[in-house]
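This report refers to the structure that appears directly beneath it.
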Amino acid sequence: MAIFVDNNTKVIVQGLTGGQGKYHGLRNKAYGTQVVAGVTPGKGGTDVEGIPVYNSVKEAVAATGATASFVTVPPKAASAAILEAAEAGITFIVCITEGIPAQDEALTYNTLVRNYPHVRLLGPNCPGIISPGKCNIGITAGEIAELPSAKGPNVGIVSRSGTLTYQALYELKQRGIGVSTCVGIGGDPVPGTSFIDCLREFQNDPETHAIIMIGEIGGSAEEEAAEFIKAHVTKPMSAYIAGVTAPAGKKMGHAGAIVSGGKGTAQGKMDALRDAGVKVGQNPTEAGSLMAEIVAGLR
Amino acid sequence: MDLFEYQGKQYFARYDIPVSAGDVAVTVDQAVAAADKAGYPVVVKAQVQVGGRGKAGGIKLAENADEVRLHAGNILGMDIKGHVVKRVWVENASDIAEEYYASFTLDRGAKKHLLMLSAEGGVEIEVVAERNPDAIVKLHIDPVDGLSRETAHKAAVDAKIPAKALDGVADILVKLYRCYTEGDCDLAEINPLILKPTGEVHALDAKVSLDGNADFRHPEWEEFRATEELDAREQLAREKGLQYIGLDGTVGIIANGAGLAMSTLDVVNQVGGTAANFLDIGGGANADLMASALEVINSDQNVKSIFINIFGGITRGEEVAKGIVEALGRVKLRAPIVIRLDGTNAEEGRSILANAGIPESQLTSKPTMLEAAEAAVALAK
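Just so you know, the sequences run in chain order A and B.
Going by the UniProt record's numbering, the residue at position 134 of the first sequence is 134; the numbering climbs one at a time, nothing skipped.
Going by the UniProt record's numbering, the residue at position 184 of the second sequence is 184; the numbering climbs one at a time, nothing skipped.
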């Protein structure tokens with residue numbers, strides 16, 4: 001098993017005819033993902049290396065039965081694309097677009113919650129999701145993800161940062177530790193999917209035996225996750241929080257990575273996670289080593 | 001992007017929020033002209049993005065042109081907590097009967113907008129929060145619903161705003177919410193929001209922070225960009241389209257990805273060094289980007305060593321390595337580089353770097369982030 005996506009997931013790519021959409025959409029397909037259609041208004045009837053393109057998500061869903069969408073369109077168009085997917089019956093939407101205004105994000109998120117409560121949005125501004133060997137939606141390099149082993153133990157990864165997600169995958173691959181699913185929730189202020197959403201799924205997934213969580217400064221998602229872990233997560237965890245030395249009041253690359261008014265510091269987040277029984281590393285490698293120790297104990 | 005007070009007031013005025021008549025001035029003569037136009041008495045206010053202006057002597061009342069001349073002369077050029085005053089805002093002085101507080105921001109935890117309203121204004125809201133938390137009304141607003149006049153009025157009643165000011169406050173809340181949402185603010189704050197003896201409610205100060213991601217739909221922000229206070233390095237980085245934040249350490253940092261860049265700063269700090277900057281070169285890390293990044297770092301006189309931390313995901317190691325070699329051919333560096341190249345095709349990348357004929361005094365390669373950080377920090381000492 002895996003969380004959110006597996007080999008049965010049929011995916012459409014909104015923006016397949018764009019440069020980024022084509023590149024990543026084809027890579028996802030080459031990885032083995034069922035990429036069944038693309039959507040670009042006005043380009044219906046064409047194809048991208050054999051993948052049929054439709055004018056609307058509705059048409060694409062009707063023709064293919066897809067349930068997931070990979071949204072890779074510019075910031076101006078992203079909110080409309082997400083809502084179009086939800087309206088057309090897509091239930092899992094991955095949006096990698098970086099640079100969506102926070103007001104649009106807040107409005108889109110709350111519109112989904114109200115009108116399409118069964119729809120899950122991952123991102124925006126995220127690397128996507130990979131269930132190694134089964135499905136890869138987004139920009140993660142599939143080859144750095146270790147396949148899960150049938151007898152385990154396998155690790156689930158959830159992260160706010162793209163490159164640190166890769167780093168975590170790589171740390172595990174080097175140690176031969178399998179990954180059930182790796183979810184990048186993204187670095188924006190209003191992520192559609194939270195740490196808690198992923199932790200809940202990992203806790204319920206029989207194929208996941210331990211969890212790595214990678215957070216960063218800004219907001220209070222890690223503190224909320226710590227509360228959830230205390231109450232509901234029995235699987236062992238390691239974590240890393242980026243931005244210990246980040247100056248206050250500056251957005252550190254990600255729109256959501258900012259320490260403001262003494263809130264959202266790395267130290268506060270690390271303390272909360274330690275308090276919840278999570279082993280917290282001082283750098284990504286240490287978080288990987290801590291996970292290796294956990295996994296050795298489970299074997 | 002944080003606005004100066006005068007810009008915040010100009011922004012408020014676009015949304016019909018009442019602010020005092022006034023002008024910005026960069027010279028004493030301009031300040032006098034602004035005062036003559038606004039009508040005496042006036043307040044001369046230092047335009048800096050830091051709290052505590054009043055205590056530092058940066059806000060003065062002036063009854064006539066001579067006093068404006070005196071105060072503007074003192075305030076222009078004044079250093080307030082490391083911020084040099086380049087501009088003053090001169091506005092008609094307001095009579096104040098009462099002071100309130102109002103702000104809108106995003107509550108990331110609740111994923112909804114948050115109105116904070118208090119009948120105790122004029123002091124920092126954090127102070128009110130500590131001294132008398134019950135004096136602050138916090139109301140979540142679902143962006144789908146927006147803020148109605150009725151809800152705004154009820155919030156004002158809940159905040160114990162006196163009856164005579166309720167209508168004025170509710171009006172301003174609705175306008176401020178529009179400014180916050182349509183105006184793409186991260187924060188829109190009025191402190192103090194005043195009640196005049198004559199009964200009008202009025203924004204006496206403005207604190208506005210704009211969401212840079214919404215730049216594309218606000219051509220009017222151009223003028224705000226022009227006054228943004230960036231140091232020379234940040235200016236150069238912006239021109240080159242790099243995500244850069246200047247710091248005051250000695251190890252220059254280049255990493256791909258915001259998370260990895262933050263993490264690189266942390267590891268440098270962890271092994272006893274200090275970072276000169278945050279720089280996210282993005283996923284691509286091609287020769288052009290790398291050359292630009294190296295140029296910006298090279299312009300920083302504090303930099304004693306450069307730590308390039310690249311994790312190849314989709315970008316393959318050999319492409320990154322070629323980019324670095326090419327960039328080194330274009331930029332003459334003052335400081336040595338330590339590189340950690342890992343991830344997809346890292347081996348090939350490292351061998352390209354090793355065989356490029358770059359002297360070891362200029363570039364060393366380390367297999368892990370920690371070892372590379374240690375080497376870079378040692379070189380910076």
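Backbone N, C-alpha and C define an ideal beta-carbon position, used for all residues, glycine too.
Predicted, not measured: the structure shown is a model, and the values here were computed from it.
DSSP places A/Arg-120 in the strand class (E or B) of the three-state scheme. Here the alpha carbon of A/Ala-37 sits roughly 28 angstroms from the alpha carbon of A/Gly-156.
Membership of B/Asn-92 in the beta strand (DSSP E) is indicated by the continuous run 88-92. Using a Cβ-Cβ cut-off of 7 angstroms, A/Asn-283 counts as an interface residue toward chain B, since at least one Cβ of chain B sits closer than that to its own. Shown here, B/Lys-304 sits in coil according to DSSP, grouped into three states, outside any helix or strand.
For A/Pro-191, the closest alpha carbon among the candidates A/Ser-220, A/Gly-176, A/Ile-177 is that of A/Ser-220. Distance from the CA atom of B/Ala-163 to the CA atom of B/Leu-289, rounded to whole angstroms, is 60 angstroms. Per DSSP, reduced to three states, the secondary structure at B/Lys-366 is coil, with no helix or strand assignment. If you draw a straight line from the Cα of A/Lys-250 to the Cα of B/Met-1, it is about 10 angstroms long. Under the three-pair Cβ rule at 8 angstroms, the region 171-190 of chain B does not count as touching the region 271-284 of chain A.
Boundaries of the beta strand (DSSP E) around B/Ile-253: 251-255. At a C-beta separation below 8 angstroms, B/Arg-131 has no neighbours in chain A, since its nearest C-beta there lies roughly 16 angstroms away.
Interface flag for A/Glu-84 against chain B is unset, since no Cβ pair is found closer than 7 angstroms.
For the UniProt domain "CoA-binding" (4-100) of chain A, the beta-carbon criterion of a distance under 7 angstroms to any beta-carbon of chain B is satisfied by Pro-75, Lys-76, Gly-99, Ile-100. Bounds of any beta strand (DSSP E) do not take in A/Thr-64; it lies within the alpha helix (DSSP H) bounded by 57-64. At a cut-off of 3 residues, the continuous stretches assigned as beta strand (DSSP E) that sit fully inside the region 208-292 of chain A are 210-216, 237-242. Counting of Cβ neighbours within 10 angstroms places A/His-118 among the exposed residues, the total staying below 16. By the beta-carbon neighbour count (other beta carbons within 10 angstroms, threshold 16), A/Gly-288 is buried. From the beta-carbon of B/Met-369, the residues of chain A found nearer than 8 angstroms are Asn-283, Pro-284, Thr-285.
Spanning the alpha carbons of B/Leu-370 and A/Val-179 requires a straight line of approximately 24 angstroms. Listed along chain A, the residues sitting closer than 9 angstroms to B/Val-144 by beta-carbon distance are Leu-107, Asn-110, Thr-111, Val-113, Arg-114, Asn-115. With respect to A/Lys-269, A/Glu-224 sits apart: the two C-beta atoms are not nearer than 7 angstroms.
Nearest CB-CB separation between A/Pro-206 and chain B: not below the 7 angstroms threshold.
About 13 angstroms separates the CB atoms of A/Thr-165 and A/Pro-132; that is not less than 8 angstroms, and the two are not in contact. In this structure, A/Leu-107 lies away from A/Ala-86, with their beta-carbon atoms at least 7 angstroms apart. B/Asn-277 counts as buried, since no fewer than 16 other beta carbons sit within 10 angstroms of its beta carbon.
Per DSSP, A/Ala-37 lies in no alpha helix (DSSP H) segment; the continuous beta strand (DSSP E) that holds it begins and ends at 34-39. Around A/Ile-211, no beta-carbon contact reaches into chain B at under 9 angstroms, the shortest distance being about 18 angstroms. Taken through DSSP and simplified to helix, strand or coil, A/Pro-153 comes out as coil.
Only those residues of the region 236-259 of chain A whose C-beta falls short of 8 angstroms from the nearest C-beta of chain B are listed: Tyr-240, Ala-242, Gly-243, Val-244, Thr-245, Ala-246, Pro-247, Lys-250, Lys-251, Met-252, Gly-253, His-254, Ala-255, Gly-256, Ala-257. Two segments are said to touch when three or more pairs of C-beta atoms, one from each, lie closer than 8 angstroms; by this definition the region 63-72 of chain B touches the region 29-44 of chain B. The Cβ neighbour count for A/Ser-149, taken over all protein chains shown within 10 Å, is under 16; the residue is labelled exposed. Distance from the CA atom of A/Glu-216 to the CA atom of A/Lys-151, rounded to whole angstroms, is 32 angstroms.
Around the C-beta of A/Tyr-23, fewer than 16 other C-beta atoms lie within 10 Å, and the residue is accordingly described as exposed. In terms of Cα proximity to A/Thr-234, the closest of A/Pro-206, A/Ile-258, A/Ile-214 is A/Pro-206.
Three or more beta-carbon pairs separated by less than 8 angstroms are not found between the region 299-319 of chain B and the region 11-23 of chain B, which leaves the two stretches without contact.
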